[in-house]
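Protein chains in written order, with this note's numbering: chain A, -9 to 286; chain B, 83 to 366. We put the CB at the ideal spot given by N, CA and C, even for glycine. This structure is a prediction, so every number in the text was calculated from the model and none was measured. A short write-up of the structure that comes next.
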């Protein structure tokens, strides 16, 4: 096209691409490079190449295994809980008589509150006012129905559950919002014809609406998986990885190993392992959903 | 008969649904309400939930101490410097980049770039924060605001480029071609034609970027020296400090001072947050 001969899109792309290459590329390469060395935090000049030794030691480290387990439980727990909660709330918000009303807008505005609440404050708030065994909100409510609540964050058996619920609280709004918007695209005629055929609300939802928004469910699942997988702030402020190591997810292990234990080589090996895990996760997903077509 | 029953069923169903939505509303906001109410009470010790939520015994002492001992304004200043600088850097690099990508003629090049943006979107943040700590120590940026802002650019870039890709893709090609025929330069086409048309999307991206930066803790925790620390790091220092000890009311006040401004802001600009978060995820 002759009118476009002066226009080169790369002039717009390059500044961002270079900046991105530096701020994203350099750390990733640095992580890989450092993971192949023995390097202590306060002796940065003393770097010894050790090849894959850090990875080898990592694979045999029981703390790493424990962290992997915590991370899987935490990540899957948060994803399942937030996606289910999101589906449920969005489904009810989308029913006739509620969708599109002033009340729906009012509810949605406040449903977003957890999403914008600072994670470290969520963690502290959780520790001091929600999960606190004697005076906390949860055990107070449980007491009202004559249930003696556990010592949530102090007990090894319940700390992970409380941590998962806390983080899901923060993740759920995104799921609600996307599912609510997705459900709006389901043609009204489809729902009506299902109802004419005698399908109830629940049946219409599972048989008609759910299959139509399956792409969005997959997309939200991926977002929640990856954001729970990399979560640091909330867990750090809520439990600090404890009690013992019950909630010591990989992000926190990187911090323990790199900053607290000053073992940068090992910490970077853990970090790079996380990168590989998340890379595989999103590659598999993108193959399945052709997500890279979004934005075309 | 069946019609009446049906309508009654529908109406009682509506009440049940509203009840559910109200319970979820409480789940969403009650923890925050408890924190704010606790911050307004004289709580050297814990109080029970009814005491915290009661409408008596208000005091502003916890807030006074947050300002005085907790150095709130100092950390707020750092938070604002970080959030606004990050926002500026992010917009200046990401918006033209997204625009350029949508204008690439080669579908292959476009696909590759979109793929790269997308695949970096899910990077675990510690993978960036830890090596950055090392890298900045080597090039003399360790502890500085510049380092934190660069880290925020890394954190935001994939999300914001992806968001803007969707908004730019929604602009009809004809509008732009008319401008080119009228003799506009490529930059004018971008600045005078496209930017005004994506303004709502741009607002959404800017608001989300600001909120994410304001709330961010990990990068600041790893990278910021004392003089560069934002509120999120400030509160953890404050709580760790021996002088405050177990004074929960002060912690509640400090926490409220961090979250209330951003929650109020989010409620005001709710419309943009909704459009930003649903963009790309939902088409049609």
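- For residue 190 of chain B, the number of other beta carbons within 10 angstroms of its own is below 16, and it is reported as exposed.
- Contact of residue 233 of chain B with chain A is assigned, a C-beta pair being separated by under 9 Å.
- Taking a 10 Å sphere around the C-beta of residue 221 of chain A, we find 16 or more other C-beta atoms and assign the residue as buried.
- For residue 40 of chain A, no Cβ of chain B is located within less than 9 Å of the residue's own Cβ.
- In the three-state scheme derived from DSSP, where H, G and I count as helix and E and B as strand, residue 346 of chain B is classed as helix.
- Following the DSSP letters along the chain, one finds residue 38 of chain A inside the beta strand (DSSP E) bounded by residues 33 to 39.
- For residue 253 of chain A, DSSP records a beta bridge to A:30.
- Beyond the five residues adjoining it in sequence on each side, residue 30 of chain A comes within less than 6 Å, by CB distance, of 252 in the same chain, given in chain order.
- One Cα belongs to residue 121 of chain B, the other to residue 166 of chain A, and the distance between them is close to 30 Å.
- By the 16-neighbour rule on beta-carbons within 10 angstroms, residue 98 of chain B is exposed.
- With respect to residue 123 of chain A, residue 144 of chain A sits close: the two C-beta atoms are nearer than 9 Å.
- Short of 6 Å from the beta carbon of residue 233 of chain B, and not among the five residues preceding or following it, lie these beta carbons of its own chain, in chain order: 214, 301, 305.
- Secondary-structure assignment with DSSP links residue 123 of chain B through a beta bridge to B:140.
- Apart from sequence neighbours up to five positions away, the residues of its chain that approach residue 146 of chain A with a beta-carbon distance below 8 Å are 233, 234, 236, ordered along the chain.
- One alpha carbon belongs to residue 224 of chain B, the other to residue 21 of chain A, and they sit about 17 Å apart.
- Neighbours of residue 20 of chain A in chain B, taken as residues whose beta carbon is under 7 Å from its own, are 213, 216, 217 in chain order.
- Legend: CB atoms of the region 94 to 118 of chain B lying less than 8 Å from CB atoms of chain A belong to residues 95, 96, 99, 100, 102, 103, 106, 107, 109, 110, 111, 112, 113, 114, 116, 117.
- Counting only runs of 4 or more residues that sit fully inside the region 291 to 334 of chain B, the alpha helix (DSSP H) segments are 300 to 305, 313 to 322, in chain order.
- Close to residue 258 of chain A, with beta-carbon spacing below 7 Å, are these residues of chain B in chain order: 212, 213.
- A contact between stretches requires three or more CB pairs, one per stretch, nearer than 8 Å, and the region 1 to 10 of chain A fails this requirement with the region 225 to 232 of chain A.
- If you look at residue 3 of chain A, you'll find it in the alpha helix (DSSP H) that goes 0 to 10.
- Taking one beta carbon from each stretch, the region 170 to 187 of chain B and the region 238 to 257 of chain B have 3 or more pairs nearer than 8 Å; the two touch.
- If you draw a straight line from the Cα of residue 108 of chain A to the Cα of residue 149 of chain A, it comes to about 21 Å.
- Listed in chain order, the positions of the region 154 to 166 of chain B with a beta carbon within less than 7 Å of a beta carbon of chain A would be empty, since no residue qualifies.
- With a cutoff of 9 Å on beta-carbon distance, residue 80 of chain A and residue 172 of chain A are scored as near each other.
- Classified as buried, residue 116 of chain B has 16 or more neighbouring CB atoms from the shown chains inside 10 Å of its CB.
- Every unbroken stretch of the alpha helix (DSSP H) spanning 4 or more residues and falling wholly within the region 223 to 276 of chain A is given here in chain order: 223 to 228, 240 to 245.
- Here DSSP, grouped into helix, strand and coil, assigns residue 139 of chain A to coil.
- A residue is called buried once 16 or more other Cβ atoms fall within 10 Å of its Cβ, and residue 293 of chain B is buried on that count.
- Annotation for residue 116 of chain A: 156, 228 place their beta carbon closer than 6 Å to its own, counting only its chain and skipping 5 residues before and after.
- By alpha-carbon distance to residue 299 of chain B, the top candidate from A:213, A:223, A:136 is A:223.
- Residues of chain A with a Cβ closer than 9 Å to the Cβ of residue 186 of chain B are, in chain order, -1, 0, 3.
- Between residue 18 of chain A and residue 271 of chain A a beta carbon distance of about 16 Å is seen, past the 8 Å cut, so the two are scored as non-contacting.
- Using a Cβ-Cβ cut-off of 7 Å, residue 138 of chain B is close to nothing in chain A; its nearest Cβ partner there is about 18 Å away.
- C-alpha of residue 104 of chain A to C-alpha of residue 348 of chain B: approximately 11 Å in a straight line.
- Within 8 Å of the CB of residue 83 of chain A, the CB atoms of chain B belong to 103, in sequence order along the chain.
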